[in-house]
Amino acid sequence: MIDTHCHILPMCDDGPTDWNQALEMAKEAVSEGITDVIATPHHGKGRYYNRTDKIASMVGRMNTLLSAEKVPLAVWAGQEYHYSANARKGPDFQALQPLNSSGYVLIELPSKSTPRHWRDFVQALRNSGYQPVIAHPERHLPFVQEPGNMYEWIVAGAYFQLTAPSINGLYGREARKAAFRMAHNGWIHLLASDAHDTDARPLRLQKAYETLDSMLGQPLVGMLQDNARRLLQGEMLHCSETVVPAETRRGPIGFLRRNR
Numbered sequence: 001m002i003d004t005h006c007h008i009l010p011m012c013d014d015g016p017t018d019w020n021q022a023l024e025m026a027k028e029a030v031s032e033g034i035t036d037v038i039a040t041p042h043h044g045k046g047r048y049y050n051r052t053d054k055i056a057s058m059v060g061r062m063n064t065l066l067s068a069e070k071v072p073l074a075v076w077a078g079q080e081y082h083y084s085a086n087a088r089k090g091p092d093f094q095a096l097q098p099l100n101s102s103g104y105v106l107i108e109l110p111s112k113s114t115p116r117h118w119r120d121f122v123q124a125l126r127n128s129g130y131q132p133v134i135a136h137p138e139r140h141l142p143f144v145q146e147p148g149n150m151y152e153w154i155v156a157g158a159y160f161q162l163t164a165p166s167i168n169g170l171y172g173r174e175a176r177k178a179a180f181r182m183a184h185n186g187w188i189h190l191l192a193s194d195a196h197d198t199d200a201r202p203l204r205l206q207k208a209y210e211t212l213d214s215m216l217g218q219p220l221v222g223m224l225q226d227n228a229r230r231l232l233q234g235e236m237l238h239c240s241e242t243v244v245p246a247e248t249r250r251g252p253i254g255f256l257r258r259n260r
């Protein structure tokens, strides 16, 4: 398996506090069957600022440590870029770290509100050759309350990534219910751990895949796992059959189906 969203780098954000904890996370990843992890420290969220040069240095040191400890895991550079609710301009491209130097960038939205100028933001990314991947939409309140809002982002060219803790019930019933609904509607393109440690916010990616398999079937799981590989290699992501809300701004009154 490939994990496309993991806070495995130490002393960067609210992930591990030292290299020993980072190493324990790496060992847990291997025990889950994970071969590759994209390190995604927060950037622009609160006091966390992790620019490309710092991330590259930390990823290099992490891989050196893993090699020395004979841990069969590859760590790749990435970033979780926080898009502020008050932002008017496009992203700071000098600070933006794509996922494994691909055209994909991981974007985190504020939990309770959608930035007003999000269309301009998405368009600015795409005009510069980037494809936005929106992290944990099941925890973004406007998407949960009015699912049609999420579909508008898909039409604008965004991809969406669920996180394993929501599937596993760590964030409560509402987040879990929203995650399954989004996946069932064909609005999800990736699944990742968003792990921060081995205790409170562990990986548990395999368990989430198994749950999705039992609830929604192997074809979805196969697509999500293949998309993780495609993202790591910079290839185009697959999209499943998509449920289209009949009225996209006020929530799904009725549904039509189409293929993207």
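The sequence shown begins at 1 in full-length UniProt numbering and counts up one residue at a time. All C-beta atoms in this analysis are idealised placements derived from N, C-alpha and C, irrespective of residue type, glycine included.
task: Quick one: using the 10 Å Cβ neighbour count with 16 as the cut-off for buried, is phenylalanine 93 buried or exposed?
output: exposed
message: On the DSSP bridge list, what partners appear for leucine 99?
response: Answer by DSSP bridge pairing: none, since leucine 99 is not bridged.
- prompt: In terms of residue numbering, what span does the beta strand (DSSP E) encompassing threonine 134 cover?
  reply: The amino acid occupying residue 134 in the given sequence is isoleucine; threonine does not appear at that position. Taken as a continuous stretch (DSSP letters only), the beta strand (DSSP E) holding isoleucine 134 covers 131 to 135.
query: Which residue from Val37, Gly148 and Gly46 puts its Cα closest to that of glutamine 233?
result: Val37
query: If we ignore side chains and look at the alpha-carbon of each, how far apart do glutamine 206 and leucine 162 end up?
result: 14 Å
query: Who are the Cβ neighbours of proline 252 in its own chain at under 8 Å, not counting the five residues just before and after it?
result: Residue confidence for proline 252 is low, a pLDDT of 39 falling below 50, so the modelled location carries little weight; the figure read from the coordinates is stated next. Counting only Cβ-Cβ distances below 8 Å, and skipping sequence neighbours, we find Pro147, Gly148, Val243, Pro245 and Ala246.
message: When you compare the CB positions of serine 193 and aspartate 3, do they come within less than 8 Å of one another, or not?
response: yes
query: Are the beta-carbon atoms of histidine 196 and glycine 15 separated by less than 8 Å?
result: yes
- request: On a CA-only basis, which of Ser166, Met215 and Gly222 is nearest leucine 203? Give me that one, please.
  value: Ser166
task: Please say whether leucine 96 and tyrosine 81 have beta carbons closer to each other than 8 Å?
output: yes
- prompt: Do three or more CB pairs link the region 151 to 158 to the region 110 to 130 at distances below 8 Å?
  reply: yes
- request: Go to phenylalanine 160, then tell me how far its beta strand (DSSP E) extends in each direction, as first and last residue.
  value: 159 to 163
query: For the alpha helix (DSSP H) that tyrosine 209 lies in, which residues bound it at each end?
result: 205 to 216
query: Exposed or buried, arginine 229, counting other C-beta atoms within 10 Å across all chains shown (16 or more means buried)?
result: exposed
query: Quick one: what does DSSP say glutamate 24 is sitting in, helix, strand or coil?
result: helix
query: lysine 112 to leucine 73, Cα distance in whole Å?
result: 35 Å
field: Cα-Cα separation between alanine 175 and serine 84, rounded to whole angstroms
entry: 22 Å
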